[in-house]
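Worksheet for the structure shown next.
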Amino acid sequence: MYPNAPPEASRRDVTRAARGRSPRSTLLALTTGGADDIHSDMIRINENYAKLSSSYLFSEVAKRVAAFQASHPGAQVIRLGIGDVTLPLPPTVVSAFRDAVQEMAAESTFRGYGPDLGYDFLRGPIAETDYRARGADISPEEIVVSDGSKCDTANIQELFAHDLHIAIPDPVYPVYVDTNVMAGRTGPYRDGRYGGLIYLDCTEDNGYVPDLPKSRVDLVYLCFPNNPTGATIGRDQLAAWVDYARRSKALILYDAAYVSFIRDPSLPQSIYEIPGARECAIEFRSFSKTAGFTGTRCAFTVVPRDCKAWDSSGAAHSLLDLWSRRQATKLNGVSYPVQRAAAAVYTPQGQKETKGLSDYYLANAKIIREKLAGLGFAVTGGDNSPYIWVKTGRDSWEFFDRLLEKAGVVVTPGSGFGMCGDGYVRVSAFNRKDNVERAMEKIAAVAGSL
Ligand code: PLP
């Protein structure tokens, strides 16, 4: 029994009090302790969770698709919605994975806990291939291996004070926003936005690359190639952000989860290709979309030694030290076979095979982009990105419903990524080519009535 559990009668009172309320007001009543007959000795939740805006985008999509399937049994549904990969792991990766599992089966080669921040056999090739070979001065010690960029982009905010000014693009990968809400850095959610955050509008007018903030900002999240818009950032534009961050002592949290889709040689692949970025940027990368690791889980975060933040007495602290401490305390590393599998990506054959994966999805993206543009839609992305951002000319969810109803094709409503996403949908190239082609035929057949 929990020491502070309410007696039976009081619990019944709470249940009675909760009856007739909406789940949200019940939650608030239960947590504020201020409502009638609610006891103050109950276990209380982190009330910031109650601020989170209702249903998660993809669960609402799944609900609507399930309702459609229930009312149209036998109808074929093609999913160009969720951004999960469909191709299997490349052979070189599988072979390294299998060999490492075999090592775990023999006493002489078995491995227990690995190094907290990742094995050198992985951190070395990352530094060499992803950074130094491109003129970016990053050392293996500045690379921290993890089990995903979702957790890294979610957890990084733990290193910082609560009263910082945080800038987040709109539309955006929802993790950056939600984790700052959970941590209590925002006010309530009203009219599509949380109080206290600085939203950076990404629109047709600025080519979906946010303008520099007009007010003071401490942390700014950027993601290129972008999810959901598929937009990329040019070298000069990124240099302007780095320059801004250095001048104003801001830190850029740069999510490059989709870097492997960049084909235009003029585009920067890493923020560290920009001089000065070592002192003002943390970069997140993942093997998920690069090498098909969404179900295998491996990623890394780069925190250069020059990145600093300050305590209230004005003393500087190394963010690499803080992040290493955080990861060493809360994560016991990534499994040995998974890191061996990730390291195989950096062999010549691994590089060739993984490029084959992104080439495949980029070919799908081209089909989608050209077909939809040909049907008269304004489209962005899809050339250095697996996502195509489509202007719908109507409310995102309304377009989603019509497309599902008339063509049986599932896309992702842009409004789920932020207010500026309303009137758009995200179409994903992560699917089999024949499915993509069929989906485009179906859309073409009903385009006039969308
Ligand atoms: N960052 C962005 C922008 C993403 O879209 C995703 C996944 O969809 C992630 C990070 C998460 O990657 P991971 O699978 O490594 O957690």
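Every position in the sequence shown, counted from 1, becomes a number in my numbering once 29 is added. A virtual CB, placed ideally from N, CA and C, is assigned to each residue, including glycine.
On the criterion of 16 or more Cβ atoms from any shown chain inside 10 Å, does residue i qualify as buried, or is it exposed?
i: residue 139; result: exposed
i: residue 361; result: exposed
i: residue 75; result: exposed
i: residue 358; result: exposed
i: residue 187; result: exposed
i: residue 462; result: exposed
i: residue 159; result: buried
i: residue 339; result: exposed
i: residue 131; result: exposed
i: residue 136; result: exposed
i: residue 364; result: buried
i: residue 312; result: buried
Does the distance between the C-beta of residue i and the nearest non-hydrogen atom of the ligand PLP fall short of 7 Å?
i: residue 156; result: no
i: residue 202; result: yes
i: residue 179; result: yes
i: residue 286; result: yes
i: residue 336; result: no
i: residue 252; result: yes
i: residue 208; result: no
i: residue 112; result: yes
i: residue 460; result: no
i: residue 115; result: no
Kindly indicate which three-state DSSP category residue i falls into: helix, strand or coil?
i: residue 169; result: helix
i: residue 59; result: At residue 59, the pLDDT of 47 sits below 50, so the modelled position is not reliable; the number obtained from the coordinates is stated separately. If DSSP states are grouped into helix, strand and coil, residue 59 belongs with the helices.
i: residue 410; result: strand
i: residue 339; result: strand
i: residue 512; result: Since the first residue of the chain shown is 30 and the last is 479, residue 512 is not available in this structure.
i: residue 313; result: strand
i: residue 333; result: coil
i: residue 487; result: The first residue shown for the chain is 30 and the last is 479, placing residue 487 beyond what the model contains.
i: residue 420; result: strand
i: residue 144; result: coil
i: residue 242; result: coil
i: residue 79; result: helix
i: residue 323; result: coil
i: residue 442; result: strand
i: residue 129; result: helix
Out of curiosity, what's the CA-to-CA distance linking residue i and residue j?
i: residue 95; j: residue 237; result: 32 Å
i: residue 425; j: residue 409; result: 16 Å
i: residue 366; j: residue 379; result: 16 Å
i: residue 166; j: residue 97; result: 52 Å
i: residue 469; j: residue 399; result: 10 Å
i: residue 471; j: residue 406; result: 15 Å
i: residue 437; j: residue 182; result: 34 Å
i: residue 345; j: residue 128; result: 44 Å
i: residue 163; j: residue 302; result: 7 Å
i: residue 145; j: residue 352; result: 11 Å
i: residue 354; j: residue 368; result: 20 Å
i: residue 300; j: residue 294; result: 15 Å
i: residue 194; j: residue 251; result: 15 Å
i: residue 86; j: residue 203; result: 9 Å
i: residue 324; j: residue 114; result: 9 Å
i: residue 341; j: residue 314; result: 31 Å
Do we get a CB-CB distance below 8 Å when we pair residue i with the residues of chain C?
i: residue 475; result: Structure shown: chain C not included; a single protein chain is present.
Would the C-beta of residue i count as close to the ligand COA, meaning under 7 Å from any of its heavy atoms?
i: residue 91; result: The ligand COA is absent from the structure shown, which contains only the ligand PLP.
Where in the stretch 155-240 do unbroken runs of the alpha helix (DSSP H), each at least 4 residues long, occur, reported from the N-terminal end onward? With a minimum length of 4 residues, the continuous alpha helix (DSSP H) runs that stay inside the stretch 155-240 are 178-184, 204-211.
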